[in-house]
Amino acid sequence: MSSVFTLLLARETRLLFRRPAELANPLVFFAIVIALFPLAVGPETQLLQTISPGLVWVAALLAVLLSLDGLFRSDFEDGSLEQWVVSPHPLALLVLAKVLAHWAFSGLALVLLAPLLGLMLGLPIGTIPVLLISLLLGTPILSLLGAVGAALTVGLKRGGLLLALLILPLYIPVLILGSGALQAALQGLPAVGHLLWLASLTALAVTLTPFAIAAGLKISVGE
Amino acid sequence: MNWTWFHKLGSPKWFYEISGRWLPWLAWAAVLLVSVGVIWGLAFAPEDYQQGNSFRIIYIHVPAAFLAQSIYVMLALAGVVGLVWKMKLADVALQQAAPIGAWMTFIALLTGAVWGKPTWGAWWVWDARLTSMLILLFLYFGIIALGQAISNRDSASKACAVLAIVGVVNIPIIKYSVEWWNTLHQPATFKVTEKPAMPVEMWLPLLVMVIGFYCFFTVVLLMRMRLEVLRRESRASWVKNEVKALVGNNS
Amino acid sequence: MNFSSFADFIAMGNHGVYVWTSYGISLAVLILNVVLPVLARRRYLQDEARRLRREESK
Amino acid sequence: MSTPFLEAVALACERDWRLLFDKLDLRLESGEMLQISGPNGSGKTSLLRLLCGLMQPTAGEVLLKGQSLNAQRGELARNLLWIGHAAGIKGLLTAEENLTWLCALHQPTNREAIWHALAEVGLRGFEDVPCHTLSAGQQRRVGLARLYLAPPPLWILDEPFTALDKHGVAQLERHLAAHCEQGGLVVLTTHHSLTEKPAGYRELDLGQRAA
């Protein structure tokens, strides 16, 4: 059973690396959105620093959402999902591997890119670890919850906007906790409370959402 | 354990008959309770010593907000019943209750905003309750949009059920995080929506209104479900007879 | 009765606009919620009646 | 009467308010081959998907060895090989990588077996080529190579002959017939009339049922 998990991880990784442009798209999107804000609100460091926690998090949220739209689409179209459903392995496990692979190359890359953009927005060096850890804990939740929406809308012709409508409200706790942690760090307050809450939400998401994703995929495949 | 009652409950024909018998009674109860509550709340309840008469908006705001939240929980419960026991009526209930829930959320938001003007001096304040209500409205929109987007109606009900269940697990998390966010950003000095001690003359009409709103919801839900049952079961002979009888009356 | 005159009741101590707009719009929404299903039902039955007539005339 | 391998009881399927078929009864024993035919939109693919448990019937149920399908998904998965209209082949992966994964989902197999199977379907020399460079017929052959890889007894195939050339069709027909002779069970849809029919061949015309 676990061998199927690692095999799927390897297969997804291989697939992602055979089309590297798709890997880069969410990252470029993330960077562009963040670059838009100084242009829109002006380059004053003080203002940028104040809004940067919210800014980084909203941009991350949208970037993850954007990358999730196609998460299951090709698997749906080429019949791979059907093969997963009729296989003897629990679908929730396969789905977890799929989302994990996706997160490792889009969410994690986002996390690694974030400090650079944070510094460009004028975040002090001392807050960068909090930024890193909060994104590291938060982006898996974004990927997992988003995958629920992607699973439910995979059979639809134009699911992109609908996916955003379904999923963005569910992202709110992550947004509040993530940007809250960064804000606290910016004000010199301890951010551990926020981070612990984020960590518990991550644990909750990892344990519960695969079942919802699996249920969503079964519905979409059974249509 | 004997489960026949449960499956009977799922039978559309049985539902149609029983709901037809209950509907007039519930409708009258809703009209009576809401009118009594409105008149009592508007004319007879004492005014609030801090907010004056604008406080009377509570008699709509709170019942609507209560109902909006319980309808969402009901959606998730219907979703579980529909997914686990494959009961078709639960699917019907889920899809028909969602728009009513969205309307109730809309009422709660609107009255909250109007109430905010005399109390806070602004039409919209990012108060924890109002913000949670706004998010709830988005969650309702999501369910309605998903239901409309999927053409196959069995898949649509199932997908909505999954979404409602995911949403209901999220609602407490959203609620607490929003409340927390609120206390962090603006230490509220004065909260209209929290009345620690309300005299009997004030909360009794509120209670009447809450019960009245629940009755109203039941009436509208039953009306919508009855129509949907007729549509879905249009091949069944009892529906054909029923429709023939109804059409005969109309023409 | 909490008000001394009908004018007082309408004025609601300077908060009349707020109280009456919220009650008014809410009432409108409630009525809309009843009217829409009733209309939908009537339309459905009319469609069915037309269908039945068509089938009979065949 | 013994319990059949796969059985459908009073099956009904409804799609978008249209009843495709109802009160459909089927009894399939080992060694049989069932060809489902009928005009487009008569519910051939839907019926196959119902038998695989991918779709839930509007009414009735599917039984595997006398028990409801939903109660024993694992048992079905061990006995079933399903190749749908899209066979689950990734264009970005090579034929070998695709087959390794598809086999691993059911029963892991080794490289030699996969190369052997690819040679059987006439793809010797294409093992390491990404599938999107192959022609439609060759891609179909990659999917069909699974039929040569220690396959489970029940095969459910949706239009397996699509895009195959004359030689490929004849070879596949022989292979299907041989599987049935050896006690396997094949359910397939195709418009093409089979020339190589095993002893237990039957045909179900969904178009005629409706008429």
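Chains as they are written, first to last, in the UniProt record's numbering: chain V, 1 to 223; chain P, 1 to 251; chain X, 1 to 58; chain H, 1 to 211. Ideal Cβ positions, reconstructed from N, Cα and C, are used throughout, including at glycine. Model, not experiment: these values are computed from the prediction.
- According to DSSP, is H:Arg15 helix, strand or coil? One-based indexing of the fourth sequence puts residue 15 of chain H at position 15. Here H:Arg15 sits in strand by DSSP.
- From the beta carbon of P:Asn241, is the nearest beta carbon of chain X less than 8 Å away? Here residue 241 of chain P is taken as the residue at index 241 of the second sequence, counted from 1. For P:Asn241, the answer is no, since every Cβ of chain X falls outside 8 Å of its Cβ.
- Item | P:Met202, buried or exposed, once every other Cβ within 10 Å from all chains shown has been counted against 16 | As a position in the second sequence, residue 202 of chain P is number 202, starting the count at 1. Around the beta carbon of P:Met202, 16 or more other beta carbons lie within 10 angstroms, which makes this residue buried.
- Query: Applying a beta-carbon distance threshold of less than 9 Å, which residues of chain P neighbour V:Pro210?
  - Reply: Here residue 210 of chain V corresponds to residue number 210 of the first sequence, with the count starting at 1. Chain order gives no chain P residues near V:Pro210, where near means a beta carbon separation below 9 Å; the closest approach is about 12 Å.
- Message: So, with DSSP's three-state summary, where would you put H:Ile89?
- Response: As a working mapping, residue 89 of chain H is identified with position 89 in the fourth sequence. Shown here, H:Ile89 sits in coil according to DSSP, grouped into three states, outside any helix or strand.
- Output the distance between the C-alpha atoms of V:Ile133 and V:Leu189, rounded to the nearest integer angstrom. Here the question's residue 133 of chain V lines up with position 133 in the first sequence. Here the question's residue 189 of chain V lines up with position 189 in the first sequence. Cα to Cα, V:Ile133 sits roughly 16 Å from V:Leu189.
- Item | Chain-ordered chain H contacts of P:Ser151 [CB-CB under 9 Å] | Here residue 151 of chain P refers to the residue found at position 151 when the second sequence is read from its first residue. Simply Asp16.
- Message: Can you pull the chain P neighbours of X:Leu39, defined as C-beta to C-beta under 8 Å?
- Response: Position 39 of the third sequence, counted from the start, is the residue given in the question as residue 39 of chain X. Scanning chain P for C-beta atoms nearer than 8 Å to the C-beta of X:Leu39 yields nothing, as the closest lies near 10 Å away.
- Query: If H:Leu176 sits next to H:Val169, beta carbons under 8 Å apart, how far is it from one beta carbon to the other, in whole angstroms?
  - Reply: Here residue 176 of chain H refers to the residue found at position 176 of the fourth sequence. Here residue 169 of chain H refers to the residue found at position 169 of the fourth sequence. Wrong, their Cβ atoms sit about 11 Å apart, outside the cutoff.
- Query: Would the beta-carbon of H:Ala95 fall within 8 Å of that of H:Val129?
  - Reply: Counted from its first residue, the fourth sequence places residue 95 of chain H at position 95. Counted from its first residue, the fourth sequence places residue 129 of chain H at position 129. A contact, by the Cβ cut-off of 8 Å.
- Measure the beta-carbon distance from P:Ala149 to V:Leu162 and round it to whole angstroms, keeping in mind my assumption that it falls under 8 Å. Counting from one through the second sequence, the residue named residue 149 of chain P turns up at place 149. Counting from one through the first sequence, the residue named residue 162 of chain V turns up at place 162. Between P:Ala149 and V:Leu162 a beta carbon distance of about 6 Å is seen, short of the 8 Å cut, so the two are scored as contacting.
- Item | Close beta carbons around P:Val100, own chain, < 8 Å, minus the five adjacent residues each side | Taking the second sequence and counting its residues from 1, one reaches residue 100 of chain P at position 100. For clarity, residue 100 of chain P is Ile in the given sequence; the question names Val instead. Once the five neighbours on either side are set aside, the close Cβ partners of P:Ile100 are Ile71, Phe217, Val220, Leu221, Arg224.
- Query: Would you call P:Ala188 buried or exposed, if buried means 16 or more other Cβ atoms sit within 10 Å of its Cβ?
  - Reply: Counting from 1 along the second sequence, the entry for residue 188 of chain P is found at position 188. For P:Ala188, the predicted model reports a pLDDT of 45, less than 50, meaning its position is unreliable and no value from the coordinates is stated.
- Message: Does any residue of chain V have a CB that is nearer than 8 Å to the CB of P:Phe138?
- Response: Locating residue 138 of chain P in the second sequence gives position 138, where the first residue counts as 1. At least one C-beta of chain V is nearer than 8 Å to the C-beta of P:Phe138.
- Is the distance from the Cβ of H:Asp22 to the Cβ of P:Asn152 below 8 Å? Numbered from 1 along the fourth sequence, position 22 holds the residue referred to as residue 22 of chain H. Numbered from 1 along the second sequence, position 152 holds the residue referred to as residue 152 of chain P. Not in contact: H:Asp22 and P:Asn152 (Cβ atoms no closer than 8 Å).
- For P:Leu75, the nearest candidate out of P:Ile173, P:Ala98, P:Leu67, P:Leu137 (CA to CA): On the second sequence, position 75 is the one that residue 75 of chain P refers to. The residue with the shortest Cα to Cα distance from P:Leu75 is P:Ala98.
- Message: Considering only their Cβ atoms, is the gap separating H:Thr190 from H:Thr45 smaller than 8 Å?
- Response: Mapped onto the fourth sequence, residue 45 of chain H falls at position 45. Mapped onto the fourth sequence, residue 190 of chain H falls at position 190. Contact flag unset, no.
- Query: At what residue ranges does the segment 3-42 of chain V contain a whole run of the alpha helix (DSSP H), taking only runs of 4 or more?
  - Reply: Counting whole runs of 4 or more residues, the segment 3-42 of chain V contains the alpha helix (DSSP H) stretches 20-41.
- Task: Could you list which residues in chain X have their beta carbon closer than 8 Å to that of P:Gln223, in chain order?
- Result: By 1-based counting over the second sequence, the position of residue 223 of chain P is 223. Looking at the sequence itself, residue 223 of chain P is Met, so the reference to Gln does not match. Using a Cβ-Cβ cut-off of 8 Å, P:Met223 is close to Val34, Pro37, Val38, Arg41 of chain X, given in chain order.
- Message: I'd like to know if residue 270 of chain P contacts chain X, where contact means its C-beta is closer than 8 Å to some C-beta of that chain.
- Response: No information on residue 270 of chain P is available, as it lies outside the stretch 1 to 251 that chain P covers here.
- Please say whether V:Ser143 and V:Gly107 have beta carbons closer to each other than 8 Å? Mapped onto the first sequence, residue 107 of chain V falls at position 107. Mapped onto the first sequence, residue 143 of chain V falls at position 143. Yes.
- Message: Could you tell me the alpha carbon to alpha carbon distance between X:Arg54 and P:Lys240, rounded to whole angstroms?
- Response: Position 54 of the third sequence, counted from the first residue, corresponds to residue 54 of chain X. Position 240 of the second sequence, counted from the first residue, corresponds to residue 240 of chain P. Looking at the backbone, the Cα of X:Arg54 and that of P:Lys240 are separated by about 15 Å.
- Query: Which residue from H:Leu28, H:Arg18, H:Cys13, H:Glu14 puts its Cα closest to that of residue 212 of chain H?
  - Reply: Examination of residue 212 of chain H is not possible in this model, given that chain H is present from 1 through 211 alone.
- Query: Does V:Glu22 come within less than 8 Å of chain H when only Cβ atoms are used?
  - Reply: In the first sequence, the residue the question calls residue 22 of chain V occupies position 22. Cβ-Cβ to chain H under 8 Å: no for V:Glu22.
- Item | Cβ-based neighbour list, H:Gln208, same chain, cut-off 8 Å, excluding 5 preceding and 5 following | For this step, residue 208 of chain H is matched to residue 208 along the fourth sequence. The answer, listed in chain order, is Gly38.
- Could you tell me the distance, in whole angstroms, from the CA atom of P:Ser21 to the CA atom of P:Phe213? Here residue 21 of chain P corresponds to residue number 21 of the second sequence, with the count starting at 1. Here residue 213 of chain P corresponds to residue number 213 of the second sequence, with the count starting at 1. Checking the sequence shown, residue 21 of chain P turns out to be Arg, not Ser. Cα to Cα, P:Arg21 sits roughly 20 Å from P:Phe213.
- What residues match up with H:Glu196 in a beta bridge as DSSP calls it? Counting from 1 along the fourth sequence, the entry for residue 196 of chain H is found at position 196. Answer is none; H:Glu196 lacks a bridge partner.
- Item | Anticipated Cβ contact below 8 Å, P:Ser35 with X:Val19, distance rounded | Counting from 1 along the second sequence, the entry for residue 35 of chain P is found at position 35. Counting from 1 along the third sequence, the entry for residue 19 of chain X is found at position 19. In this structure P:Ser35 does not touch X:Val19 by the C-beta definition: roughly 17 Å separates them, more than the 8 Å allowed.
- Nonlocal neighbours in the same chain, by C-beta distance under 7 Å from H:Leu80, ignoring five residues either side: For the purposes of this step, residue 80 of chain H is identified with residue 80 of the fourth sequence, where counting begins at 1. Closer than 7 Å at Cβ, skipping near neighbours: Cys52, Pro152, Leu154, Ile156.
- Task: Using beta-carbon positions only, say whether V:Ala151 and V:Glu12 come within less than 8 Å of one another.
- Result: As a working note, residue 151 of chain V is residue 151 in the first sequence. As a working note, residue 12 of chain V is residue 12 in the first sequence. Taking 8 Å as the Cβ cut-off, V:Ala151 and V:Glu12 do not qualify as a contacting pair.
- Query: For the segment 147-170 of chain V, which residues have a beta carbon sitting closer than 7 Å to at least one beta carbon of chain P?
  - Reply: Within the segment 147-170 of chain V, the qualifying residues are Val148, Leu152, Leu156, Leu162, Leu165, Leu166, Pro169, Leu170.
- Item | Whole-number beta carbon distance between V:Trp197 and V:Pro140, since they are thought to touch under 8 Å | As a working note, residue 140 of chain V is residue 140 in the first sequence. As a working note, residue 197 of chain V is residue 197 in the first sequence. The Cβ separation is near 14 Å, so there is no contact.
- Query: Looking only at C-alpha atoms, which of P:Ile39, P:Gly82, P:Ala43, P:Val31 sits nearest to X:Asp8?
  - Reply: Along the third sequence, one-based indexing puts residue 8 of chain X at 8. Closest by alpha carbon: P:Ala43.
- Could you pull out every residue in the same chain whose Cβ sits closer than 7 Å to the Cβ of V:Phe29, ignoring the five residues on either side in sequence? For this step, residue 29 of chain V is matched to residue 29 along the first sequence. If you ignore the 5 residues before and after V:Phe29, its C-beta comes within less than 7 Å of the C-beta of Ala63, Leu66, all in its own chain and listed in chain order.
- Residues bridged to H:Val186 (per DSSP): Within the fourth sequence, numbered from 1, the residue matching residue 186 of chain H stands at position 186. BP columns for H:Val186 point to H:Met33, H:Trp155.
- In chain P, which residues lie less than 8 Å from X:Ser22 when you measure between Cβ atoms? What you label residue 22 of chain X is simply residue 22 of the third sequence in a count that begins at 1. Near X:Ser22 (Cβ distances below 8 Å), the residues of chain P are Ile57, Ile60, His61, Leu110, Thr111, Val114, Trp115.
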